Ligand SMILES: Nc1ncnc2c1ncn2[C@@H]1O[C@H](COP(=O)(O)OP(=O)(O)O)[C@@H](O)[C@H]1O
Ligand SMILES: [Mg+2]
């Protein structure tokens, strides 16, 4: 009840091509995250799906029906905006009921659905308040409530958590994930934060400059990035990318190795001096200057007794190396 | 600026200005009140004497008083209705992307810069004149009898002229408010299934309420004292058909040289303005609270 298929979708604004040919199938019930750097066209793509922008070419079909020219209201999708976009002069209850009211539902049924949604989202005590009297997290929940009462074919989220503080972001993230499990409705979620993408997605779509770089499950992208862009974008801290002689030794133009896949060994191939050293207790992050290789980030589990200026030798795990050719594509 | 000393210093420095403004208001008001209790006619100098409420009795029993009161309220409410509704409509239109936007916006504001007496003269002689006016020419072109606006519908004609002058002000304030309407809210409503009309009713109108309140309050103050337009066009006539309280006060104190009666009328007008202000604040003042 919520399959979305994009075929050769393109969009340009005044001659500037922003979305450059997207082919994507989002199966029913899947949680898909569009992730990419700021300005890469994530919001534009989501707005194309929502119908808030017209496609320049290509087709969008929802549930097997061509929706390319349908107005937003007819597509059966609900959207949660970054600014929440609540109606400021309406109470929480009226905000949530608004789509039902527009659909002409009887008042009792509106009330029943609003109360059910409020219960799911812990908003019952706030139903009579105005949006301005709510905290950021509560506003976000009202926006989600307004979306779920419509029982849409799919939910669209545009960076819904970026206005919240870090702690709230984590808990809202979990709430949205749980909501997805409860409703089992297709969700398309846009974010520039790869941690959000990794933790929430069934499948991640990595976008860059209006193109899809790679589509896959979070662990697919982590373990086998298709190219340098995905390798550098997914994973935190970022993958170390080494060029030159060291990469050539492995028959690659660029060699990639994640910080957590480097061990501190007595006789490792890379020797260097520890620069910055961050002790988190659970992990230790080291920046090591390795002669002939460059600066290498290392993540070691637990607390290691290393300080600035210490000499270490590093051993990248041989089976966790990523090799990329001169075009930046992963080599088999 | 929170210490005791700095606050006292602030008040001291403010006080000359406040005192001046207070005197500016209280001296004329006090003199008017004083004159309103005197028999004081400029044609009979030296005969001033205290008469109590006699001037007020004359003013209230003047056959022109009730028509003037009704005309005043009709003028104010009529102009407010036209400018607020018209202002919202123009604000919506100006908000649409279009070719030549900058010029159109300036043109819409232009009438506000024309002096009231000049615009009244333009309307009287070039537009509404039953012989030479544009409207008469249009009517004849359509084979209709030209209307003699100032004879047949004097108050309505004045309302039209004053509304034309104040429409730019209302449009400007409402248009500025319009531009601060959140685009994402509109899009959210669009996705929620609200068509253009419902979006206008449920989002635009509530959003414009505060600006509309400002328009109503400010315009009321000025509309209660409309004068030049009446003097230039109908002179309050025919009969009392377009006489407002302001104009009645003018006729009595200036045309009949009765300063006492005019002052009493002025005080009545002040009281009326305050009643209207209290009503307005009660009705729509809460829109101004955040
Ligand atoms: N309505 C528009 N008119 C012109 N350019 C636009 C419009 N909307 C977006 N863009 C451009 O498209 C690019 C992608 O924008 P967007 O989709 O918002 O990126 P993001 O991935 O950060 O959400 C940006 O360079 C932006 O300037
Ligand atoms: Mg965006």
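Chains as they are written, first to last, in the working numbering: chain F, 1 to 332; chain H, 1001 to 1290. Idealized CB from N, CA, C, for every residue including glycine. Bear in mind that the values here come from a model prediction, so they are computed numbers and not experimental data.
Heavy atom of ligand 2 within 7 Å of residue i beta-carbon
i, result
"residue 1187 of chain H", "no"
"residue 325 of chain F", "no"
"residue 319 of chain F", "no"
"residue 1182 of chain H", "no"
"residue 43 of chain F", "yes"
"residue 1190 of chain H", "no"
"residue 193 of chain F", "no"
"residue 158 of chain F", "yes"
Ligand 1 heavy atom lying under 7 Å from the CB of residue i
i, result
"residue 7 of chain F", "no"
"residue 39 of chain F", "yes"
"residue 81 of chain F", "no"
"residue 49 of chain F", "no"
"residue 18 of chain F", "yes"
"residue 13 of chain F", "yes"
"residue 1193 of chain H", "no"
"residue 268 of chain F", "no"
"residue 1078 of chain H", "no"
"residue 232 of chain F", "no"
"residue 21 of chain F", "no"
"residue 136 of chain F", "no"
"residue 272 of chain F", "no"
"residue 302 of chain F", "no"
Nonlocal neighbours in the same chain, by C-beta distance under 8 Å from residue i, ignoring five residues either side
i, result
"residue 212 of chain F", "22, 23, 24, 205 and 206"
"residue 40 of chain F", "207, 208, 209 and 210"
"residue 1058 of chain H", "1261 and 1264"
"residue 37 of chain F", "192, 208 and 233"
"residue 245 of chain F", "292"
"residue 1238 of chain H", "1151 and 1154"
For residue i, the three-state DSSP class (helix, strand or coil)
i, result
"residue 261 of chain F", "helix"
"residue 1235 of chain H", "coil"
"residue 1128 of chain H", "coil"
"residue 1099 of chain H", "coil"
"residue 8 of chain F", "strand"
"residue 200 of chain F", "helix"
"residue 20 of chain F", "strand"
"residue 194 of chain F", "helix"
"residue 1147 of chain H", "coil"
"residue 1025 of chain H", "helix"
"residue 159 of chain F", "coil"
"residue 213 of chain F", "strand"
"residue 135 of chain F", "coil"
"residue 269 of chain F", "coil"
Cβ shell of residue i (< 6 Å), same chain only, five flanking positions each side left out
i, result
"residue 1055 of chain H", "1036, 1260, 1261 and 1264"
"residue 276 of chain F", "287"
"residue 1133 of chain H", "1127"
"residue 229 of chain F", "208 and 213"
"residue 1078 of chain H", "1159"
"residue 152 of chain F", "76, 77 and 78"
"residue 263 of chain F", "315"
"residue 147 of chain F", "78, 80 and 155"
"residue 1148 of chain H", "1130"
"residue 256 of chain F", "231, 239, 241 and 322"
Cutoff 7 Å; reference residue i; Cβ partners in own chain excluding five residues on either side
i, result
"residue 1121 of chain H", "1232"
"residue 59 of chain F", "7, 66 and 68"
"residue 1266 of chain H", "1032 and 1249"
"residue 1040 of chain H", "1048, 1259 and 1260"
"residue 1242 of chain H", "1071, 1154, 1155, 1158, 1230, 1234 and 1236"
CB contact below 8 Å: residue i versus chain C
i, result
"residue 1208 of chain H", "In the structure shown, chain C cannot be found, because the protein chains are F and H."
Task: Under 7 Å (Cβ pairs) to chain H, residues found in the segment 88-112 of chain F - done: Cβ proximity to chain H below 7 Å picks out 89, 98, 99, 102 and 103 from the segment 88-112 of chain F.
Task: Completely contained beta strand (DSSP E) runs for the segment 277-309 of chain F, where each covers 3 or more residues - done: 283-290 and 294-301
Task: Residues within the segment 1094-1120 of chain H neighbouring chain F, beta-carbon criterion of under 7 Å - done: none
Task: Contacting positions in the segment 48-60 of chain F - beta carbon closer than 9 Å to chain H - done: 50, 51 and 52
TODO: Within the segment 1187-1257 of chain H, note down every full beta strand (DSSP E) run reaching 3 residues or more, in order along the chain.
DONE: none
Task: Length at least 4, wholly inside the segment 217-242 of chain F: the alpha helix (DSSP H) runs in chain order - done: 218-223 and 228-233
Open item on the list: Against chain F, which members of the segment 1161-1194 of chain H pass a CB distance test of less than 7 Å?
Closed with: 1182, 1184, 1185, 1187, 1188, 1190, 1191, 1192, 1193 and 1194
Open item on the list: Quick check for students: name the residue ranges of the alpha helix (DSSP H) that lie wholly in the segment 62-131 of chain F, counting only runs of 4 or more.
Closed with: As summarised for the segment 62-131 of chain F, the continuous alpha helix (DSSP H) elements at least 4 residues long and confined to that stretch are 92-102 and 107-120, given in chain order.
Open item on the list: What are the residues in the segment 130-142 of chain F lying within 7 Å of chain H by C-beta distance?
Closed with: Per Cβ criterion, the list is empty.
- [ ] Give the residues from the segment 159-191 of chain F that approach chain H closer than 9 Å (Cβ to any Cβ), ordered along the chain.
- [x] none
Task: In chain order, each alpha helix (DSSP H) run of at least 4 residues that lies wholly inside the segment 27-57 of chain F - done: 42-50
- [ ] Residues of the segment 190-216 of chain F with a CB closer than 8 Å to any CB of chain H: list them in chain order, please.
- [x] none
Task: Contiguous alpha helix (DSSP H) assignments of at least 4 residues, all confined to the segment 1024-1103 of chain H - done: For the segment 1024-1103 of chain H, whole alpha helix (DSSP H) runs of length 4 or above, ordered along the chain, are 1054-1061 and 1065-1095.
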